[in-house]
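Here is the structure we will look at.
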Amino acid sequence: YDPTEARLSCLETPDLVARWSRAMERRDPRILALDDDTIILWFRDDDIDPTVMALDARTGETRWTSDPIGRHFADPVRELQQDRGMADLMPSGAAYIPAETVPVIGHHTIYLVRRTGEALAIDRADGHIVKWTQATTLDRVYDVRLHECALVLSGMQRGTSPSGRVDLVPRIRVLDPATGADVQTITPLGDVSPRWLVVSPLGHLAYGSVAGVQAHDLLSGAVIWSNRGYAVQDSLRGWLVRDHLVVEDQGQQLRVLAMRDGIASKPLPLPGRPDWSPIDLIGVGEYRESMVTLFEKRLVMFDDRWSLLGADIIVDDRSYKQVLFGDDRFVLLNRSNTSQPRDERGRRRMKYDYRLYVLSPDGRLLGDPSAMSIYDRPIVDATLLDGWVLLGTADHTRAVPVPVAP
835 YDPTEARLSC LETPDLVARW SRAMERRDPR ILALDDDTII LWFRDDDIDP
885 TVMALDARTG ETRWTSDPIG RHFADPVREL QQDRGMADLM PSGAAYIPAE
935 TVPVIGHHTI YLVRRTGEAL AIDRADGHIV KWTQATTLDR VYDVRLHECA
985 LVLSGMQRGT SPSGRVDLVP RIRVLDPATG ADVQTITPLG DVSPRWLVVS
1035 PLGHLAYGSV AGVQAHDLLS GAVIWSNRGY AVQDSLRGWL VRDHLVVEDQ
1085 GQQLRVLAMR DGIASKPLPL PGRPDWSPID LIGVGEYRES MVTLFEKRLV
1135 MFDDRWSLLG ADIIVDDRSY KQVLFGDDRF VLLNRSNTSQ PRDERGRRRM
1185 KYDYRLYVLS PDGRLLGDPS AMSIYDRPIV DATLLDGWVL LGTADHTRAV
1235 PVPVAP
């Protein structure tokens, strides 16, 4: 997408020849889903009236555009003044924006959930078909997760607090994704809002908060296990990896909890190196049989028994931004330097230096890195596609061949 000309282009691999290019009336599309037949885009340039659009992947022609969400719901900021005393941050630390709509895409349905609690389900094949609406799910929605048998919303709902007052209290709402009907309303552990939550393929919901970590059966709402141990209280983030929970505890160490019983491991071992800090965790991912943890200055891998498998040996200046997984290797994006050189007119411009490293499945460095410099705007997203690394800034996309390993 070219924001300067407001044009969307579809390129063919392996040569990145344009298949089609078209002007877009709305700006800054985000891809919700794509395959060889259909591209589904999300436009949130207007928070009050976001739009879903489906394009023919072969021609770029519009198949359908969703109707204005305002046809179904009132002004999303209608209760903003009433709730002015509430904190404007969600438990995760992100800003709570009442007008924001969260899109979630399923196999046959697209769900649109407002932060103020309204929910709408439209048909994925024809966005004009509304399957169901819910005028009120929760009074505030912080998290949305989708399972084939449940749409899970976490947030706040008006009710009686532990002190006996009528107030906004934490709740988790489980809806039938086919009809929007209520399945369960769950009171979180300790009656405090979850900071994070995950849903497993087997239909188990797990979440972490100041009170600890707890798991429920989605359909019955029954508690499977609770862990109130100090080691997992006030955990920061959680990921589902191979039917286990990997939790970043309050000390920013990683622990593993089995989904069957919730017993927490000791902190996972990390390499003892003086040139990096293990408290700058960016994220956790799965690659083949390994778990990959990306820190700002180090990539660390664990085997299927959670033992330390290895870490990268890159000695350049490091500020890792993203790891991209391929079939037989992965690519590490590093911002190695930031400076403000003068251009030919004597004006200072921001310059961002990047390097791409190719690593083997066990984390070994393959070949020499590929270096590049980008001016004015940093890379905000990257993806790996058929031998190319696509690097996106706020105003353009650059395609770089994957460095060839020896």
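Our numbering applies: residue 835 is where the sequence shown begins, and numbers increase by one. All residues carry an ideal CB built from backbone N, CA and C; glycine is no exception. The model shown is predicted, which means the values in this text are computed figures rather than measured ones.
Going by C-alpha positions, R1071 is about 28 Å away from G1014. Excluding sequence positions up to five before and after D901, its CB lies within less than 7 Å of the CB of H962, all in the same chain and listed in chain order. For A1098, the CB contacts under 7 Å within the same chain, skipping 5 residues up- and downstream, are N1061, G1063, A1065, V1066, R1089 and L1091 in chain order. Per the DSSP secondary-structure output, R1183 pairs with nothing in a beta bridge. Around the beta-carbon of R958, 16 or more other beta-carbon atoms lie within 10 Å, marking it buried. As DSSP reads the structure, L875 sits in a beta bridge with I865 and M887.
Fully contained in the stretch 983-1067 are the following beta strand (DSSP E) runs of length 3 or more, in chain order: 984-994, 1000-1009, 1016-1020, 1030-1033, 1038-1043, 1046-1051 and 1057-1061.
DSSP, reduced to helix, strand and coil, places G894 outside both helices and strands of the structure shown, so it counts as coil.
The beta carbons of H1038 and L1052 sit closer together than 8 Å. Below 8 Å, enough C-beta pairs join the stretch 1144-1159 and the stretch 1196-1211 to call them touching: three or more. By the Cβ neighbour-count rule, R1179 is exposed, with fewer than 16 other Cβ atoms within 10 Å of its own. Under the DSSP assignment, Y1209 falls in the beta strand (DSSP E) whose first and last residues are L1199 to Y1209.
Of the candidates F1159, M1135 and E1130, the residue whose Cα lies closest to the Cα of R1152 is E1130.
At least 8 Å separates the beta-carbon of F877 from that of A969.
Looking only at R1182, L1133 and D1177, the smallest Cα-Cα distance to N1168 is reached by L1133.
Assignment of beta-bridge partners to L1167 by DSSP yields Q1156 and L1190. Where D977 is concerned, the enclosing beta strand (DSSP E) starts and stops at R974 to H981.
The beta carbon of L850 sits closer than 6 Å to those of A1233, all from its chain and outside the five residues before and after it, given in chain order. Per DSSP, reduced to three states, the secondary structure at I903 is helical.
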